[in-house]
Structures are given as C-alpha cells and as structure tokens.
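A.B. asks: Sharing a structure here in structure tokens format.
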C-alpha cells in the first residue's frame, strides 16, 4: 500500500516535471515537491541510523533550491537589462 502510494506520487511529480520543463520556476517548484516527498519517505522509514541521512538530505535539498533561486534571479535581472537595452 505504502509503496504504491509513493510510486503514484513519483509518477505525478515526473509528469509535472515533463509538463513544466519550459520554465525554470516551475521546474524548481516540482523539484521542491520531489525533495519533500523524498524527505517524507526517509522520515517514515527512519530507524536510529537514518536520522543522519534525513538531516543531510534536508541540508542538500535546501542548498539545491537556494542555488536554483539564485540562478533564477540572475537570469531575471539579466533579461530586464536586455529589455532596457532593446536587444
């Protein structure tokens, strides 16, 4: 039951990632949903030794989303400069 629920959630996230591949912000939102799903699975299946895995995944996913948002804001400011220059 649990594995079928996780498989269904992964398929929904994969489909949404395929449909939103044209926009960076949509891809970041889908990646964040995937990160939350992985953290949820890790938290549900945690034993004594998996707490370190859970914490390290939280740190890695936070850094990933932060870097994605930095790239998004850099591209956004670059496109504003291109619009001002009239290129």
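Residue numbers (the UniProt record's numbering): 1 to 87.
Quick reminder that beta carbons are idealized off the backbone N, C-alpha and C, glycines included.
Since the structure is predicted, the reported quantities are computational estimates derived from the model, not experimental observations.
Given this structure, state the Cα-to-Cα distance separating residue 64 from residue 28, to the nearest angstrom.
C.D. replies: Start at 1 with the first residue of the chain shown, and residue 64 comes out as number 64. Start at 1 with the first residue of the chain shown, and residue 28 comes out as number 28. Near 9 angstroms, if we compare the C-alpha coordinates of residue 28 and residue 64.
A.B. asks: Express the C-alpha separation of residue 79 and residue 36 in angstroms, rounding to a whole number.
C.D. replies: As a working mapping, residue 36 is identified with position 36 in the chain shown. As a working mapping, residue 79 is identified with position 79 in the chain shown. Taking the straight line from one Cα to the other gives about 31 angstroms.
A.B. asks: What did DSSP end up calling residue 68 once you bin it into helix, strand or coil?
C.D. replies: In the chain shown, the residue the question calls residue 68 occupies position 68. Three-state result, residue 68: helix.
A.B. asks: Does residue 22 come out as helix, strand or coil in the three-state DSSP assignment?
C.D. replies: In the chain shown, residue 22 corresponds to position 22, counting from 1. Residue 22 falls in the coil class under three-state DSSP.
A.B. asks: When you compare only the Cα positions, how much space is there between residue 55 and residue 75?
C.D. replies: Against the chain shown, residue 55 aligns to sequence position 55. Against the chain shown, residue 75 aligns to sequence position 75. Distance between the alpha carbons of residue 55 and residue 75 is about 31 angstroms.
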